[in-house]
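Following: one structure in C-alpha cells, then a few remarks.
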Amino acid sequence: MTGIPTGPLREVGSYAMGEDVRVDDLHVQFGETEVLHGVSLEISAGSTLVLVGESGSGKSTLALAATRLLEPGLAQTSGRVHVGEVEMLGLTGATLRRARSRVIAYLAQDASVALNPLMRVGPQIAEAYRVRERLGWRAARVRALEGLADVGMRDPRRTYRQYPHQLSGGMRQRVMIAIALALRPSLLVADEPTTALDVTVQKEILDLVARLQREFGLTVLWITHDFAVVAEIADDVAVMRDGRVVESGPVHRIFDHPEHEYTQSLLNSFTASRTATTKSERARVLTGAIAVAPASEPATPTVLEEDA
Amino acid sequence: MALRIGRRFLFGAITVFGVILLTFVLQFVVPGDPARSIAGPRASPEVLEEIRQQLGLDQPLLVQLGNYLGAVFTGNLGYSYSFDQPVSQVIFERLPATVWLALLAFAIELAIGAVWGSWEAMRGRRSALLTTVNVGLLSMPTFALGFLLLLLFGYVLQWAPIEGGTVWANVILPALTLGLLGAPYYAAAVRDGMITSLGSPYLRTAVSKGLTRPVIVRRHMVRNVTAPIITLAGMDIALFLSGVVFVEQIFAWPGLGQLQVVAFQNVDRPLLTGTVIIAAIAVVLFGVLTDGARALIDPRVRTGE
C-alpha cells in the first residue's frame, strides 16, 4: 500500500468517515413511465453494497437519483436518501451544491467522455477545491497533485498537464476517481466504472477503490451487471430487476443460497460462463443470459440549478 | 504546431498561386477585345495595334504569362481602364470599407446568434416566434431584406441615411442586413453546441463536483461551444472580405463588391482579376487562421496530425 501524503493541507478538507446510507422507497418517474418502483437499500458505514441487474433494470437511474443528477423537468423523484444525517432528495440550491461530492460523489461509467476533452486533467480536479474550499490555484493544484498520487499516478505533475485523450482508459478512470474523492465524500456511487475497461485494468481499478475505501473509510454503492465484480468487492448485494430490488443480503448468502429465481439465473449464467470451455457451451450460456431489456430510459440532460 | 501552421501556409500559398494562374487564363475566356474596350468602338486599327503592343498582347503566350506573374508578385495588378488608376490603388482605397462592413456584420450576426441560440438551449424548447423568424430570415433573399431595412429605418423611421456615403452611419444598415441573414446559422450552431454540452457526461461530472453555475458555464461550456463557431466565423469573414455585391450595391457602400460590379460592367480585366486575387487571399488567410484558432481551443486537433 502506498502511503498517502500527509501534511497540514491534508487536514483542511472535511475528513468525513463513511456514513450509514439508507434509501427509502425511492420512486423515479420519467413522464408517465415509472422506472423505479419504490427501491429501499441499506449500506452500513464503510462497507460496499453492490447493486446488480441487467441493463434497463433502473440501476443507473438509481445512481443518478441518489446523487441528485437527474433533470427535475424530466424526472419526478420521491422517497428518501439518507447519508448519515443528510437527506439528499430534500436539498436545494447552495446546500445541494455543498453536498455534491462532499456527501455523495458520483463515478461515471465511461471516463473517456466524463472528462472535459478541452481541459487539462489537473485543473479538472483542482477546480473542485477552488470552488468548494475557496483555495487559490496554487493550493488547489497541490491538493490535486496529492489526489493524483493517491490514485496511483507515478508522475502526478506530468499527468496534471495532460489532456484526457493523452491518457489510457485506466488512467482516465483513475483521474475520475481522484475527482470523485477530491472532497472526501461519505458515499461513493460508482455506476459501472469498469465496464469500458479491459479485465486487467478493471482489476487494478477495483483494487484501487478498495484501498481508498479503507484509507478514507468510504461507504460504496457499486453498480454493475458483472458478478465477477460482485465476487471481488461486495460486502452486501442487492439484485435489481425492472425497477425493483428483488433480493438483497450479504454476499456469501446470495452466492450460496440465492432465494429469488432471477438471482439464480443471473448466478447460473455467471458460473456457467466461468466454466464453459467449448464454443457451443459458451454460446448456449450467452443466449440464456440475454434477457429481454425493457424500453431504455430517456436521455437525461444535466441540471444547472439556480444559484441561491 | 508550428509545423502544422507552416504547412497550412504553404498549401494556402499554392492555392493562391493556382488562382492567379486561373485569372490569367480567364482573361482570354472573357469575351471582347481588351484593346477595344480601352480605346472605344471607333478607334482605328493602328491605335488598337499600338495599345496591344503597350499591353504586351502581341507577345507569345508564355512571355505574357511570365510578365503577368512577375507583375502580380511585385504587387502590380495592372492598370484599371475604368478608374484610370493602378488596380492595386483602386483596391486599397476600397478595402477599408469592406473590412469595416465585414467586421461589423460579423459582430452583429455573432451577437444575435449567441443570445438567440443560448436562450433557446437554456429554455429547452423552441419558441414559435423565433422559429418563424428563423425560417423567414433563411428564405429571405439578401436584396429583399436590404430594401426592407432601407425602407423601414431609412424612409419611414428616418434613423439611418438613405443616400450612400462613407461615414459610419452608412455602414449600419448594410451590416445589419448581413448580420440578420447570418444570425440564424450562428444561433443554430450555439444552440446545438450548448445542447450537446448540456447532455454530455463531462457536464454531469462538473455538476457532481459541486461547481456553481457560472463556473460551469464559463469553464465547461463556453470553450466547448466556441469550437464549431470558429469554423463558421472563418468562412463567413472570408466571404464578407471577398466582396458583398448585393448589399454594397443596395446601400451604395463603396467596398470591393461594388468594385466587382463596375469591373464586370466595363469588362475591366485587370480590375476583375485584382478583386479575384484579393478574394482568394482572404479565403486562404482565414482558412489558416481558423485552423490555428481551432487548434488553440481543442487539443485533439493539435495532436490529430
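Sequence lines, in order, name chains A and B. Reminder that position 115 of the first sequence reads as 230 in our numbering, one-by-one numbering, no gaps. Reminder that position 165 of the second sequence reads as 297 in our numbering, one-by-one numbering, no gaps. A virtual CB, placed ideally from N, CA and C, is assigned to each residue, including glycine.
- When the Cα atoms are used, B:ALA425 and B:GLY419 turn out to be separated by approximately 10 Å.
- Listed along chain A, the residues sitting closer than 8 Å to B:ARG336 by beta-carbon distance are LEU184, TYR221, ALA223, ALA229, THR417.
- A residue is called buried when at least 16 other Cβ atoms come within 10 angstroms of its Cβ; B:TYR287 does not meet this threshold and is exposed.
- For B:ASP430, the chain A residues whose Cβ falls inside 9 Å of its Cβ are PRO232, LEU233, in order along the chain.
- When rounded, the separation of the alpha-carbon atoms in B:ILE152 and B:ILE294 is 38 Å.
- For A:TYR278, the chain B residues whose Cβ falls inside 7 Å of its Cβ are PRO431, in order along the chain.
- Contacts with chain B at 7 Å (Cβ-Cβ) do not include A:VAL324.
- When secondary structure is reduced to three states using DSSP, A:GLU362 falls in the strand class.
- The CB of B:LEU343 comes closer than 7 Å to the CB of GLU242, VAL246 in chain A, given here in chain order.
- Counting only unbroken stretches of 4 or more residues, the alpha helix (DSSP H) elements lying wholly within the segment 284 to 347 of chain A are 284 to 295, 314 to 331, in sequence order.
- Taking 7 Å as the upper bound on Cβ-Cβ separation, chain A lies near no residue of the segment 374 to 405 of chain B.
- Of all residues in the segment 249 to 280 of chain B, those with a C-beta nearer than 9 Å to a C-beta of chain A are MET254, GLY256, reading in chain order.
- Residues of the segment 292 to 319 of chain A whose Cβ lies closer than 9 Å to any Cβ of chain B, in chain order: ILE294, ALA295, ALA297, LEU298.
- Residue-level contact check: A:SER283 does not touch chain B, since none of the beta carbons of chain B fall below 7 Å from its beta carbon.
- Cβ neighbours of A:ARG245 within its own chain (closer than 6 Å, five residues either side excluded): ALA255.
- For A:LEU230, the number of other beta carbons within 10 angstroms of its own is at least 16, and it is reported as buried.
- Contact check between the segment 309 to 329 of chain B and the segment 236 to 247 of chain B: three or more CB pairs, one atom from each, fall below 8 Å, which counts as touching.
- The shortest C-alpha to C-alpha distance from A:ASP135 to any of A:ARG356, A:GLY173, A:ALA160, A:GLN144 is the one to A:ALA160.
- Checking the DSSP bridge columns, you'll see A:LEU166 partnered with A:ILE338, A:ALA353.
- In the structure shown, A:THR207 falls within a coil segment according to DSSP collapsed to helix, strand and coil.
- In the DSSP annotation of this structure, the continuous segment of the alpha helix (DSSP H) that includes B:GLU241 starts and ends at 219 to 255.
- A:SER159 sits in coil when the DSSP states are folded into three classes, being neither helix nor strand.
- Put simply, the CB of A:ARG273 is far from chain B, with every gap to its CB atoms at 7 Å or more.
- With a threshold of 7 Å between beta carbons, A:SER172 makes no contact with chain B.
- Not one beta carbon of chain B lies nearer than 7 Å to the beta carbon of A:SER159.
- Counting other Cβ atoms within 10 Å of its Cβ, B:ARG401 reaches 16 or more and is therefore classed as buried.
- Under DSSP, B:SER212 forms a beta bridge with B:GLN217.
- Between A:VAL196 and A:ALA181, the CB-CB gap stays under 7 Å.
- Within a 10 Å sphere around the beta-carbon of B:MET254 sit fewer than 16 other beta-carbons, which makes this residue exposed.
- Any Cβ of chain A closer than 7 Å to the Cβ of B:ARG355 would place that residue at the interface, and such an atom is present.
- Looking at the DSSP output, A:TYR221 shares a beta bridge with A:VAL304.
- About 6 Å separates the beta carbons of A:GLY133 and A:SER301, which is inside the 8 Å limit, making them a contact pair.
- When only Cα atoms are considered, B:PHE205 and B:THR147 end up about 14 Å apart.
- Exclusion of the five residues before and after B:LEU305 leaves GLY278, LEU281, LEU282, PHE285, GLY286, ALA292, PHE383 as the residues of its chain whose Cβ lies within less than 8 Å of its Cβ.
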